[in-house]
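Q: Sending over a structure as structure tokens; questions will come in a sec.
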Amino acid sequence: MPSIPAVFILAGSITVALVFGATIVGRYLSGLLPVRLRPLAKFYLAPALGLALFTVGASIVGRWLPLGNWIIAAVLSLGPICWAILREPFKGRMLLHAVSNSLFSLAAGISMLAPLLVFGAFNAHNDAFTYLAHSGWLQNHAFSNTIEPGLITPVTTQIAMYQHFGFRMGSSFFIALVQSIFGLRWAYAAYPAVIISAIFSTCLSLGFPISAYLRRFSRRTRLLVLCFPAFGFGGLVFAANFGFLPQTLGLTFACSLLFLSGSVFKWFGALETDDMRAVLKPAILSALLLSAFVFAYSEFVPFVGLAILIVAIATMIQSKNKLAIIAYGVFVLVFATLFLNLEIVRAFTALKLQSGAVVGTPVNWTLIGFIAHALGTHGGAWDTFQWALPSGDWVSYGAGVFTVLLLTALLAHGCRGLSRSAKTPHLLPITTMLVILSLGLLYFRYLVPSPFSVGVGQSWSQFKLADWAHPFVSVFVLLAFFFLLSKMGKWAAKTVTAFFALGFVAAGVLAVERVKPVVKSYGDVHDLARFYTDFRDAVLTSCPPLAPLYLALGDSDQKIRQIATLYLPDRQVLADWKGDDYVQAWLPEADRRGELVPGQCIVERQSSQQISVGGRNVGAFTVGAVPDVGRILIGVVQGAHDQETNGKDWWRWIEREVSFELQPRLVDGQAMRTRVRFAYQTRGPQTITLALQSDGGNEGDSVSTFAVKSTGEGSEVFDHVFDVPPADIRRLHMTTNGVAFPLQEPDTRSAAWRIENLHIEPS
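So the working numbering is basically just the index in the sequence shown, starting at one, shifted up by 692.
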């Protein structure tokens, strides 16, 4: 029985501890709200409030000091937790609440935990590389320490880029703090814990605006149902699984800030006193959420800000104490300015840059696809179950439409209650937000020309709006589901349990399928997190300390190449970075296309064409020294059937002629002879003519030819040394005078002969 990957246990433990601590801190912060709102905020918003405090603290300190200092990490984390525990009057209730949240957070994080359990992995072949690089660098550096252009390395390109453009760093500071708190050498186990804590906090916060309708249900039922959005295909799950850490964390703070606004505005509007001190404490809490939101995900701030402004104006029109609402807004902005400080300038600069740039990828969905994604029943870009693609099959499309109709029927069933609820102060901010996002989607679809070759309008912007809408749409879907449960009597609890179990299992299976291609690209690897550390160990044990490491990994392994740099921050890493949009633009010009020379170490895929000899194998790769004697590699092959192998030998069937493109690597220009050897088998007597050709490729450019006669009675070996400088050859062309005929049934291919284990080297 395979062992449980250590990263699964570690990430799960960190998640439990993180949610536990955030809940305790959040309960204390809830005391800043008016008395009527405190119990609800403690139950539904505590984890989000705790994460907000940690994020703001890490963002302020991490700008000026390294977060890897254990004293700083202890002050930022254990300090607030200990203070909250000391100030908590009901410590037993607090501990029960924190433990309950911690356990349910693991359920909400199934899309991250399932692949960690099966593969010891999550998908880091995306923007996660950037945030992992940030976290590692922030352990020993303050973000204000600008990296000199000439000292930028492949892994520090991500820091240099964010320093230059002023992009939001809140989530990076937070993950760096988590890495430091738990004493992690690498951030790989911290990343999923941060993601899961944010997902759970967002899901739990969805209950705050509909809390009045949930009182009749048990704590268990409420928590189970609120986990449902984490089991679908909406923005919460997409962002978590495809490297959008800032969005995942930012939406947590956006939801809490927006959900609080309606209730707080209603309370202030009904105040009988003009004492402005009554608005100070709630303003501090809202400013904390706003600051964490700006630190983590500033690009969504204008939409949330507009929704809150509209709700504030609507509330003031109907309220008798307009001054309290205005004062609250002013205090929030003042306190947020104090928290954010210079981040305001960075956020404005980043927003200005991003609003004028074309980013993302075309998302060629029909309109129903964007609606379904907001509902959580349509996969995001690069995800599975994108049934609204024009090229999709009818089975997937039918299943997708069915899920939309099912949720539509659920919403229609509760339409009377939903229409009344949507106008209440608690749900008005969500209604306003959905109207804004819907209008934005229509604007980008029909009024903005498409910058891509496919799709209607600016499809990536439409996708992001649908992505953001998911938690807000989920509030109404969950409310409709609770309306339905209220009519089911004793069957309600069983129904919730059944739906939860089904969603939990389905989400876990889908999560494993998402990550499987990533893990497969590393070869026969069963624990990817361990592979990364084994890879580092292989480099340290196989390569001299001062030897540069060359990553001989092509474009198909671009993401693997990036991850490799995370685990080698103390080594000089070279590669051909051309075409890597994450790295090449920020490297010094001389480092963008590294040169492979003797004396270096090399990382390459295991194959008969590998350069290193006697290296250490790790997964599908080998780490070894670059030999002093060069090699001639085989590139593109034309004229032959696909290569086959039994693991030890390889071969190709050929109809008549075949051409092998040759790539001399590290070949001494003084070498004058080339050795060619291979095994072959002809189907009947034949004569095979070999020609070593120069770059021209024409018959007149042939350097040397040789004729091989075969009786066709079995496998034979060709081994010949040509008086040709190996540095001059670029192509080996072979042709036969034999006749091709079909291979043995059921193989319908035709071939005259077969070549095995071709090897060319200087002699």
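Ideal Cβ positions, reconstructed from N, Cα and C, are used throughout, including at glycine.
Would you mind listing the alpha helix (DSSP H) stretches within the segment 906-959 that are 4+ residues and don't spill past its ends, in chain order?
A: 911-918 and 927-933
Q: Roughly how far, in whole angstroms, is the beta-carbon of Tyr1259 from the beta-carbon of Tyr1214, given that I think they are within contact range, below 8 Å?
A: Not a contact, Cβ separation roughly 13 Å.
Q: In whole angstroms, give me the CA-to-CA distance for Gly1388 and Ala879.
A: With a pLDDT of only 48 at Gly1388, under 50, the local geometry of the prediction cannot be trusted, and the value read off the model is given with reservation. Computed Cα separation, rounded: 51 Å.
Q: Along the chain, where does the alpha helix (DSSP H) that runs through Pro974 open and close?
A: Leu972 to Tyr989
Q: Sorted by chain position, which residues of the same chain lie with C-beta nearer than 8 Å to Asn1458's C-beta, five sequence neighbours on each side aside?
A: Shown here, the chain extends from 693 to 1455; a query on residue 1458 therefore has no answer.
Q: Taking the Cβ atom as the reference point for each residue, do Met861 and Ser751 lie within a distance shorter than 9 Å?
A: Result yes, Cβ atoms of Met861 and Ser751 sit closer than 9 Å.
Q: Put Lys783 into one of helix, strand or coil per three-state DSSP.
A: helix
Q: Take Cys919 as the anchor and find which of Ala1193, Gly1147, Phe700 and Arg755 has the nearest alpha-carbon.
A: Ala1193
Q: Compare the C-alpha of Pro1280 against each of Ala698, His1065, Val767 and Thr849 and name the closest.
A: Thr849
Q: Assuming Ala744 and Ala1203 form a contact by the criterion Cβ under 8 Å, report the distance between their Cβ atoms to the nearest whole angstrom.
A: Rounded, the Cβ-Cβ distance is 27 Å, inconsistent with contact.
Q: When the Cβ atoms of the segment 771-786 are set against those of the segment 704-721, are three or more pairs found closer than 8 Å?
A: yes
Q: Are Ser1234 and Cys1293 touching if we call contact CB-CB under 9 Å?
A: yes
Q: Could you tell me which of Ile1063, Trp959 and Ile1036 sits nearest to Asn1013, measuring between CA atoms?
A: Trp959
Q: Mapping DSSP to helix, strand and coil, what is Glu1035?
A: helix
Q: For Thr1095, which residues from the same chain have a beta carbon less than 6 Å from its beta carbon, with the 5 sequence-adjacent residues on both sides left out?
A: Thr1069
Q: Residues bridged to Ile1346 by DSSP?
A: DSSP, once it has assigned bridges, lists Ala1332 and Trp1445 as partnering Ile1346.
Q: Can you tell me the Cα-Cα spacing of Ala703 and Ala820, whole angstroms?
A: 16 Å
Q: Nearer than 8 Å: is that true of the beta carbon of Leu918 relative to any heavy atom of the ligand MN?
A: By its list of ligands, the structure shown contains no ligand whatsoever, and the ligand MN lies outside what it can speak to.
Q: Helix, strand or coil for Phe700? Go by DSSP, reduced to three states.
A: helix
Q: State the Cα-Cα distance for the pair Ala970 and Leu1176, rounded to the nearest angstrom.
A: 39 Å
Q: If you run the structure through DSSP and keep just helix, strand and coil, what is Ser705?
A: Helix at Ser705.
Q: Verify whether the separation of the beta carbon atoms of Ala736 and Leu898 is less than 9 Å.
A: Reading the sequence as shown, one finds Tyr at residue 736 and not Ala. Yes, the Cβ-Cβ distance between Tyr736 and Leu898 is below 9 Å.
Q: Using 10 angstroms around the beta-carbon of Trp1152, count the other beta-carbons present and answer buried if the total reaches 16, otherwise exposed.
A: buried
Q: Can you give the beta carbon distance from Met804 to Ile888, rounded, assuming they're within the 8 Å contact cut?
A: 5 Å
Q: Note the first and the last residue of the continuous alpha helix (DSSP H) segment covering His1218.
A: Taken as a continuous stretch (DSSP letters only), His1218 belongs to no alpha helix (DSSP H), as it is neither H nor E.
Q: Roughly how many whole angstroms lie between the Cα atoms of Ile1421 and Phe1414?
A: 11 Å
Q: To the nearest angstrom, how far is it from the Cα of Gly1311 to the Cα of Leu1171?
A: 48 Å
Q: Just to confirm the assignment, what range does the beta strand (DSSP E) spanning Cys1371 have?
A: The identity of residue 1371 in the sequence shown is Ala, whereas the question assumes Cys. Note, Ala1371: beta strand (DSSP E), Thr1366 to Thr1374.
Q: Taking the CB atoms as reference points, tell me whether Asn815 and Asn933 lie closer together than 9 Å.
A: For Asn815 and Asn933, yes; Cβs fall inside 9 Å.
Q: When DSSP labels each residue in this structure, what does Gln1010 get in the three-state scheme?
A: Per DSSP, reduced to three states, the secondary structure at Gln1010 is helical.
Q: Using three-state DSSP, classify Cys1235 as helix, strand or coil.
A: Cys1235 falls in the coil class under three-state DSSP.
Q: Have a look at the DSSP bridge pairing and note the partners of Met1426.
A: Answer by DSSP bridge pairing, in chain order: Val1350 and Leu1382.
Q: Which of helix, strand or coil does DSSP assign to Arg1263?
A: coil
Q: Could you have a look at Leu1450 and say whether DSSP puts it in helix, strand or coil?
A: strand
Q: Three or more beta-carbon pairs under 8 Å between the segment 1355-1363 and the segment 1311-1326, yes or no?
A: yes
Q: Kindly indicate the opening and closing residues of the beta strand (DSSP E) around Ile1294.
A: Residues Cys1293 to Arg1297.
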